[in-house]
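Chains as they are written, first to last, in the working numbering: chain P, 1434 to 1967; chain E, 39 to 243; chain X, 6 to 107.
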């Protein structure tokens, strides 16, 4: 497929250079990818531990682990805002996006390497602001809804400022990726040959670029509201608290797709490799990413059905919400069709990809329930929402993220992990996840509201089951992490630079890739997914 | 849309990207960024639309306290600065360093004049005890013009950097005037937004 | 919207720039002048139409959008579409509310 295979004599891996300076001042997209990977994993761990604390509290109906209900509120605010803004939004897009985009399209780096580093630094500043806010955390939930976020005595300004700063990082990354994909594709890398991860990253980048500024101004207005009393969201001054929700979800619904579209891309890469078949419905998968990116701007009011919005608007948006399920379903059908009669290899990354299809379908379909206006009135703000959201975010994005970690691990780090332990960890994660969140559908349906530290006795069996599940899930993630960390300190390199026989460009260079990726920019002559043709 | 041919050619020269690719990439990048700026102001425009529709009388009465003359002068100043910026890009394209520096300096001075004018306007408001919390119109006024002023300052910073780069003779050959063109795009956006802010805030008939 | 060499420089003449600048001055005067008349609900429409003409002139000539490729046009216009979406749906939602308690 490519003629740019590196000769071993000149090969210096990009990881060769050591020292702090070679990291913090690097403009190498692969290293910046690692910097993001490390930072987001750190926040994933902190937010995960917070979640374990919340689950532990909920094992019994009384308040026992946290001292006050406010502490519990702070815990879920931290869990939500860290997971959403610091892990999952930058998540796959910034880490794997950075690592893979130039390699996959046959470029030496992104279009603006220095702006890429700047994005990371801005991201770090945002995290620093957030960490400094941890001393006096807010208790508003990750959505910062007014009027509570204006009235609460906890410190809201710092955490929102942190998120605001992160927005810049997101915008610059999105801008960088769009330009890179347009201008730096290798000769012969036409749009119809592009790996689907690139299509997905492009759609994500559009959302990052054009949705993020709206949350930026929203949070700025919230800060101004608290600092200068501008009254936009204060009914006493003629303002409108629901305006905040309109603005917030104008960003945050597309943001859901910022979180999950990159995972779609990853699944589209993993499945054809391990099914040894050309991907089914290439164009449909590629265009559906764009369809999602466009439609996602038309559905935001479905988060606000019980907020006191107009019934007319609610009915219209309930209908529009159904539309977004179509491109998503197109993807699921195409992945399934790719598996059909494939010669499937159950590599650990493939296991994550397959669990993605199952779990994300559950998450997506329950989303359709919630989009139906009448059903949502019953289920809104119950554990049904919590379960739905986690099936999409963990069952979708995190499964995609873990799958990507296992799939590109050799390429990125030039090491090999223990496959058997990886499979065992996957099993624990899959079981633990379902034990944790499946009961939440039932208790939500029976009326258990979200965001409470205490609850009536009748929900105890669901809640304790959910807590046991969280331990299995936590254990699984711990084992997976250790399994992926240990090889980094071991000597040696993988035997093959393309162990899974992928046709994508990044597998045609050594593992780990050299500093500028390709000795000579390859000329692409065939489709990325032409498996089994030759 | 693709420029793979150019790209291939640029790589023939070694590991750096060709000047043509860099130039086009930088321009596209700035256009993308301008899109985000429009949506950043978008929240304020949406709030404006909502509150003006809700409280037409409040908006009409409050806007009378704004000084149309000062606002008008500022509009003229910004349009003129956009004009000189456009000429500066032309001068850069023609590798005319002397005129480039003169025109950039004029643009910078216009930005400063806009700021001074705004300073007098704000102080007059504070003097009459008009603050963001006075009412929703003035909250919008201060948020919109304040955010815009911030962009003027950033733009002035960029122009200042361009003047220094021009002085060092960095825009001499090839496509290396890219920073002037890209910085110019940003400055024009500042003008664009003001073109809307002026009638929205000062001229509510 | 040229598909050939993108790097060709657009030497818009000084005369064009001067004409554009003067047009913008005139339109500024016009917008101040028409604000003295009351067109009722159309005040905002008139003001926005004039502002949009001015903005288009700035974008087309000063920012050279006239000479840019399709891609740049898409990314110049798509944010505006989203802006209308934000304003439109927010207004629609707010003004179709029916008070539950009369």
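Every residue, glycine too, gets a C-beta built ideally from N, C-alpha and C.
Between the region 178-191 of chain E and chain P, which residues of the former have CB atoms less than 7 Å from a CB of the latter, in chain order? 181
At which residues does the alpha helix (DSSP H) containing residue 100 of chain X begin and terminate? 75-100
Comparing C-alpha positions only, which one of P/1505, P/1541, P/1700 sits nearest to residue 1464 of chain P? The shortest C-alpha separation from residue 1464 of chain P is found at P/1541.
Could you check if residue 89 of chain X is buried or exposed, using at least 16 other CB atoms within 10 Å of its CB as the buried criterion? Its Cβ having fewer than 16 others within 10 Å, residue 89 of chain X is exposed.
Given this structure, state the Cα-to-Cα distance separating residue 1435 of chain P from residue 1920 of chain P, to the nearest angstrom. Any answer about residue 1435 of chain P is weak, because its pLDDT of 43 lies below 50 and its placement is not dependable; what the coordinates show is given next. Cα to Cα, residue 1435 of chain P sits roughly 30 Å from residue 1920 of chain P.
Spatial neighbours of residue 82 of chain E in its chain, beta-carbon cut-off 8 Å, leaving aside the 5 residues before and after: 178, 181, 182, 185
Helix, strand or coil: which one does DSSP assign to residue 1815 of chain P? strand
Tell me which residues share the same chain as residue 1769 of chain P and place their Cβ nearer than 8 Å to its Cβ, disregarding the 5 neighbours each side in the sequence. So the list reads 1790, once near-sequence residues are dropped.
Determine the closest residue to residue 92 of chain E out of P/1513, P/1470, P/1940, P/1673, with distance taken between C-alpha atoms. P/1673
Whether residue 1539 of chain P touches residue 1957 of chain P by CB criterion (8 Å): yes
Going by beta carbon distance, what residues of the same chain come within less than 8 Å of residue 1551 of chain P, once the five residues before and after it are set aside? 1605
Report the partner residues of residue 1882 of chain P according to the DSSP bridge assignment. P/1815
Buried or exposed for residue 1563 of chain P, going by 16 or more other Cβ atoms inside 10 Å? By the neighbour-count rule (16 or more Cβ atoms within 10 Å), residue 1563 of chain P is buried.
Rounded distance between the beta-carbons of residue 1725 of chain P and residue 1970 of chain P, thought under 8 Å: The question about residue 1970 of chain P has no answer, for chain P in this structure spans 1434 to 1967.
What in chain A is Cβ-close to residue 33 of chain X, meaning under 9 Å? The structure shown contains no chain A; the protein chains it does contain are P, E and X.
Go ahead and pull the three-state DSSP assignment for residue 246 of chain E. No statement about residue 246 of chain E is possible, as the shown extent of chain E runs from 39 to 243 and does not include it.
Where residue 1535 of chain P sits in the DSSP three-state scheme: helix
Between the C-alpha atoms of residue 31 of chain X and residue 192 of chain E, what's the straight-line distance to the nearest angstrom? 28 Å
Quick check on residue 1932 of chain P: does DSSP put it in helix, strand or coil? Note: residue 1932 of chain P maps to coil in three-state DSSP.
With 7 Å as the C-beta to C-beta threshold (strictly closer), list the residues of the region 1732-1746 of chain P near chain X in chain order. 1734, 1742, 1743, 1744, 1745, 1746
For chain X, find out if any of its Cβ atoms is closer than 8 Å to the Cβ of residue 1545 of chain P; answer yes or no. no
Alpha helix (DSSP H) segment containing residue 59 of chain X, residue limits: 47-62
Does the beta carbon of residue 97 of chain X sit closer than 8 Å to a beta carbon anywhere in chain P? yes
Which same chain residues end up closer than 7 Å to residue 1548 of chain P when comparing Cβ atoms and leaving out the 5 residues on each side of it in sequence? The residues are 1605, 1609.
As a quick exercise: from P/1590, P/1866, P/1761, pick the residue whose alpha carbon is nearest that of residue 1658 of chain P. P/1590
Quick check on residue 1446 of chain P: does DSSP put it in helix, strand or coil? strand
Where residue 1505 of chain P falls, given that 16 or more other Cβ within 10 Å makes a residue buried: buried
Evaluate the contact criterion for the region 187-203 of chain E versus the region 222-239 of chain E: three or more CB pairs, one atom per stretch, below 8 Å. Output reads yes: the region 222-239 of chain E touches the region 187-203 of chain E.
Residue environment, residue 19 of chain X, which counts as buried when at least 16 other CB atoms sit within 10 Å: exposed
Give a yes or no on whether 8 Å exceeds the smallest Cβ distance from residue 1643 of chain P to chain X. yes
Determine which residues share a DSSP beta bridge with residue 1947 of chain P and list them. P/1446
Note down the Cα distance separating residue 1530 of chain P from residue 133 of chain E, rounded to an integer number of angstroms. 39 Å
What's the call for residue 1462 of chain P, buried or exposed, on a 16-neighbour Cβ count within 10 Å? buried
Give the residues of chain E in contact with residue 1608 of chain P, contact being defined as C-beta atoms less than 7 Å apart. Within chain E, the C-beta atoms nearer than 7 Å to that of residue 1608 of chain P come from 67, 70, 71, in chain order.
By how many angstroms is the C-alpha of residue 1743 of chain P removed from the C-alpha of residue 1584 of chain P? 25 Å
Whose CA, out of P/1928, P/1816, P/1496, P/1831, lies closest to the CA of residue 1870 of chain P? Looking at the Cα atoms, P/1816 is the closest of the given residues.
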